Amino acid sequence: MAIRPIVRFPDPRLRQKAAAVGDIDEDVRALARDLTETMHAAPGIGITAPHVGVLRRLVVIQLESDLAPHIYIDPEIVWASSERIRHVEGSVSMPGVTDELERYAQVWVRYKGLDGVEREEKAEGLMAVCLQHEIDQLDGIFWIDRLSKLKRDRLIKRFEKTPAHQGLMVELL
Numbered sequence: 717m718a719i720r721p722i723v724r725f726p727d728p729r730l731r732q733k734a735a736a737v738g739d740i741d742e743d744v745r746a747l748a749r750d751l752t753e754t755m756h757a758a759p760g761i762g763i764t765a766p767h768v769g770v771l772r773r774l775v776v777i778q779l780e781s782d783l784a785p786h787i788y789i790d791p792e793i794v795w796a797s798s799e800r801i802r803h804v805e806g807s808v809s810m811p812g813v814t815d816e817l818e819r820y821a822q823v824w825v826r827y828k829g830l831d832g833v834e835r836e837e838k839a840e841g842l843m844a845v846c847l848q849h850e851i852d853q854l855d856g857i858f859w860i861d862r863l864s865k866l867k868r869d870r871l872i873k874r875f876e877k878t879p880a881h882q883g884l885m886v887e888l889l
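Set out below in structure tokens:
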């Protein structure tokens, strides 16, 4: 396993749609292991392959209450409740800033596991929020795109003042 470098906002890859994984081979399993290590090191509770610059539809989520990470390959939301909830979100690609977003309270997701078997899972609360957030990322929708323009502009200005962003700017010079 390896911790991979995380793509930082405003990298354009964060707004590109990820391609289907398709066949699950050892490279895909290695990517899932690397994503898990990278997510733990970030730290975070969710990460996608695009967060490490790989434009493939693979998600890893591990909430504090989970004993092991959940791996979702080629996930898609097939149903969402009409009820909505608000939750504070952020991103491993934009550390140091968060904001509150509204999401569906429950979702039903179809995906494949690492064994290649197609599954469906109903999620609610924080897990539903995480799945929507990460599937958005696979679709090229960065989480701040769900904010109003005013909130998004303010959040970007806050991010530009964070040590994480300042360190990135030094690296680029």
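Yeah, the sequence shown ends on 889 if you go by our numbering, and it's all consecutive.
Don't be surprised by glycine CBs; every beta carbon is placed ideally from N, CA and C.
Quick caveat: nothing in here was measured; it's all calculated off a predicted structure.
Subject >> Alpha carbon of GLU792 to alpha carbon of ILE851, nearest angstrom >> reply: Rounded to the nearest whole angstrom, the C-alpha separation of GLU792 and ILE851 is 7 Å.
Subject >> Sequence ranges, beta strand (DSSP E) only - wholly within the stretch 788-863, length at least 3 >> reply: Entirely contained in the stretch 788-863, the beta strand (DSSP E) runs reaching 3 residues are, in chain order, 800-805, 815-820, 822-828, 834-840.
Original post:
Can at least three beta-carbon pairs, one atom from the stretch 773-785 and one from the stretch 746-763, be found at a separation below 8 Å?
Top reply: The stretch 746-763 and the stretch 773-785 touch, with three or more beta-carbon pairs separated by less than 8 Å.
Original post:
Taking the alpha carbon of LEU751 as the point to measure from, which residue in ALA734, ILE740, VAL776 has its own alpha carbon closest?
Top reply: The residue with the shortest Cα to Cα distance from LEU751 is VAL776.
Original post:
Between the Cα of LEU817 and the Cα atoms of HIS849, ARG826, SER798, which residue gives the shortest distance?
Top reply: For LEU817, the nearest C-alpha among the options comes from HIS849.
**OP:** Look up HIS786 in the DSSP assignment and give the residues it is bridged to.
**Re:** DSSP lists ILE777 as the bridge partner or partners of HIS786.
**OP:** Go ahead and pull the three-state DSSP assignment for ARG720.
**Re:** In the structure shown, the three-state DSSP call for ARG720 is coil.
Original post:
With C-beta atoms as the reference, is VAL768 less than 8 Å away from ILE722?
Top reply: Going by C-beta atoms, VAL768 is nearer than 8 Å to ILE722.
Original post:
Distance, Cα to Cα, ILE719 vs PHE858?
Top reply: Their Cα atoms are separated by approximately 22 Å.
Subject >> When VAL744, ALA746, ALA765, GLU837 are compared against VAL808, the one with the closest alpha-carbon >> reply: Residue ALA765 is the option with its Cα nearest to VAL808.
Subject >> For GLY762: DSSP bridge partner residues >> reply: The partner list for GLY762 (beta bridge, DSSP) reads ILE777.
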